[in-house]
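These notes concern the structure reproduced below.
Residue numbers (the working numbering), protein chains in the order written: chain C, 1 to 161; chain L, 162 to 881.
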């Protein structure tokens, strides 16, 4: 079937079997390999993207659900103020180890900060517990989210996400 | 400080000697002044050795011989090179080295990354590579200006004349430097003159990884590439009896269904078609003897074996008499389960067969040297016909260091089964394939006995039961001696504690479940058994766990230094809130020394870890923030190993994904503080050193809260 959707600001017509997860359209058909595969069952969060500003797990999200919606992937995260702050904080705090889960972590963090500009540790636990990191970078992820929030202070009324 | 790290004037001959003594293994030639066949030769490029390439436009490329799987080694190696080359790390483009003998691990004799060897085994080699390049650039400048090389200086990628009146960038000198004879005798900097080594340096791979631009094996794409997925036997050692691929071939996007030695491969245009095709396969299996493996019955068998004598690996004093004359004898069984590595990036390998019988292979491997040799054997060609490239590794933890090259060989066999497709074929694994696919950390049982007399620990008996990792692999000759796999007993047979009567025994089992090194290998078992049981001894003797270990570790200043530091930083002995306990451990592994203090409580019957304090002594530190990052990650990795297990029922692996194989998540994760200790000792390992001591320190903390010992992992419900 044909699905019309917007991916990273570009209108796309996608020919696909309707049950194909969005992840494999992004990775195999559009070459957007920044969105990662980790489990295939929405258990690890490595594939987190935004659909109409909400974080979703692309590995378990049939592409037909994206029809008529706006999809954002890690490749365009820096187009928003929040996303830019997240990327900067991630680099500044040296969060990354192997890096496979980090695009998904960043997408979840950006969604959190858009919703709650100054999250508490409990907010971070709630928003980030769906994103696994086998390297164990959680200590620094938490620090980076707080740092990004601090960096965004006073930025309200800016260009937004 | 020991000889290999002494920064002095090092001749090439001298370096080779130092490398051999430091690594203790086969040494492969350093290959100065050689151009790699795997890289295209270009004119005007200065290639002083296999690691560096400086072009006229000023670009500096560095080929990192160790694989970047999160441990920050690309950055660490680049720092060592940059220190001597006199450039900033940010000026260097770091690329993964392709398979070549020039990139052999000096500790193994074969190209690979593991055993926490990368930094200490390559440190001097990388410095020499940088220093040699710098000397040649200076020689080129001096010749150009008609001055003496010794009077010129190099800093920030530029050579200056003696009076400072003239200068030339490395790029401007590259063409001339390429004609300079490689010097035999190059001075390395004194440690006191380091300006980059030992200072926090940003990781070279962070920005690209955060933005999703970094290429991992799974991300590799080529025009016309196909994706393959293999249906493997449900039991280890099982074989295809017959299969019907017609329904699979009817799935849109499926190109071909082929049999391979490990099962049936579905080759398709992409992941989803391959997966749907695989689900439509009908395969009849000859399950083989693997169908009888059952971890519940293995536990019963191991328990019996732990009561019987094994091969004596170490015997100090007279353990038997010590136990006969003891005031009190303690006995306990400690067991750890099969454990999957579960790197976040599942395995993959892309193979493109070449008309000459060779191949171009791209994967994410910790063992390119082993893979390269195995690929040559499978393809029946000389290794030179195979170009083998690495990507970033989305986690490794030992899984990507296959001693039998399992996932690269299988990918080649898939390509060989469909040569007429004339396409690059990337064989990919799902999470289920990964968790059910074997090559686990072995399941181990430890029979522990201690003899206590006159308020002291006078006898220690540690009997280990489990499979051998190295037996049956190319590493058997080097690692298995007199029936003892050194990885089975490491951390026990070399126990440094002052116990006068000490015996360590090993009983090696075999059941066909493929096992492999998992971050910290044998230490992930022996340190847990040793440190937990030492805590039992301390309790029985009415001693404090910290003081008890101090008394036993006289003459081991590095262990004492980290133990003291962890105790001090944690506030050992100070009051804790009600319901919170504190435990301590200290252990040497992979030439590194670490101590841990864990604070924990029990919430809803489950352990809740509040705080981990780690002290680490790995000798000279190249990038301190990355040592801290490794210790933080290692603590979380170790804690996860108390939460999950791999079990088998009638030969089938019971777990399949992160729901039944849980890893620690953000809301469960404690704060991890890391303190670096430098006692001036020899350089050692980092990546694995932070794992072994974490679970025992947690168990000691839980005992303070519950009064009950945890002796089996994963944790079940804990009394609270």
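The C-beta atom is built at its ideal place from N, Cα and C for all residues, glycine as well.
- At a Cβ-Cβ threshold of 9 Å, residue 802 of chain L and residue 713 of chain L do not count as neighbours.
- Of the residues L:352, L:246 and L:567, the one whose Cα lies closest to the Cα of residue 314 of chain L is L:246.
- Scanning chain C for C-beta atoms nearer than 7 Å to the C-beta of residue 828 of chain L yields 125 and 129, reported in chain order.
- Residue pairing by DSSP places residue 62 of chain C opposite C:21 in a beta bridge.
- 90, 91, 94, 96, 97, 98, 99, 100, 101, 102, 103 and 106: these are the residues of the stretch 89-111 of chain C whose beta carbon lies less than 7 Å from some beta carbon of chain L, given in chain order.
- Where residue 681 of chain L is concerned, there is no enclosing beta strand (DSSP E), because DSSP gives it neither an H nor an E.
- With respect to chain L, the C-beta atom of residue 34 of chain C has a partner C-beta closer than 9 Å.
- Identification of chain C residues near residue 816 of chain L by a Cβ-Cβ cut-off of 9 Å yields none; the smallest Cβ-Cβ distance measures about 12 Å.
- Of all residues in the stretch 363-388 of chain L, only 363, 364, 366, 367, 368, 369, 370, 371, 372, 373, 374, 375, 376, 377, 379, 380, 381, 382 and 388 place a beta-carbon less than 9 Å from a beta-carbon of chain C.
- The C-alpha of residue 290 of chain L is placed about 15 Å away from the C-alpha of residue 331 of chain L.
- Under the rule that a run must span 3 or more residues, the beta strand (DSSP E) segments found entirely inside the stretch 383-461 of chain L read 387-393, 400-405, 415-421, 424-429 and 443-447.
- Runs of the beta strand (DSSP E) lying entirely within the stretch 642-713 of chain L and spanning at least 3 residues, in chain order: 662-670.
- Rounded to whole angstroms, residue 705 of chain L and residue 661 of chain L show a C-alpha spacing of 21 Å.
- The criterion of a C-beta distance shorter than 9 Å is not satisfied by residue 5 of chain C and residue 433 of chain L.
- Contact annotation: residue 255 of chain L and residue 357 of chain L have beta-carbon atoms that are not nearer than 9 Å.
- Between residue 106 of chain C and the set C:76, C:122, C:23 and C:120, the nearest pair of CA atoms involves C:76.
- Contact check for residue 685 of chain L and residue 602 of chain L: beta-carbon distance about 6 Å, within the 8 Å limit, so the pair qualifies.
- Between residue 854 of chain L and residue 730 of chain L, the CB-CB gap reaches or exceeds 9 Å.
- Membership of residue 752 of chain L in any alpha helix (DSSP H) is not indicated, and neither H nor E is assigned to it by DSSP.
- Under the 9 Å criterion on CB atoms, residue 677 of chain L is classed as non-interfacial with respect to chain C.
- With respect to residue 215 of chain L, residue 298 of chain L sits close: the two C-beta atoms are nearer than 9 Å.
- The three-state secondary structure of residue 286 of chain L, taken from DSSP, is helix.
- In this chain, the alpha helix (DSSP H) harbouring residue 484 of chain L covers 480-485.
- Straight across, the Cα-Cα distance linking residue 791 of chain L with residue 503 of chain L is about 17 Å.
- Out of L:429, L:407, L:606 and L:530, the CA that lies nearest to the CA of residue 569 of chain L is found in L:530.
- Residue range 346-348 is occupied by the beta strand (DSSP E) that includes residue 346 of chain L.
- Residues of the stretch 62-74 of chain C with a C-beta less than 8 Å from any C-beta of chain L: 73 and 74, listed in chain order.
- Listed by position along chain C, the residues whose Cβ is nearer than 7 Å to that of residue 554 of chain L are 98.
- Residue pairing from DSSP places residue 223 of chain L in a beta bridge opposite L:213 and L:255.
- Within the same chain, and ignoring the five residues on either side of residue 236 of chain L in sequence, the residues whose Cβ sits closer than 8 Å to its Cβ are 250, 255, 362, 363, 364, 365, 366, 784 and 787.
- DSSP places residue 120 of chain C outside both helix and strand once states are collapsed to three, so it counts as coil.
- Following the DSSP letters along the chain, one finds residue 108 of chain C inside the alpha helix (DSSP H) bounded by residues 102-115.
- As computed with DSSP, residue 548 of chain L is found in a beta bridge with L:521.
- The residues 507, in chain order, have a CB closer than 6 Å to that of residue 595 of chain L in the same chain once the five nearest residues on each side in sequence are set aside.
- Using a 10 angstroms sphere on the CB of residue 312 of chain L, the tally of other CB atoms stays under 16, which defines it as exposed.
- With a cutoff of 9 Å on beta-carbon distance, residue 771 of chain L and residue 832 of chain L are scored as near each other.
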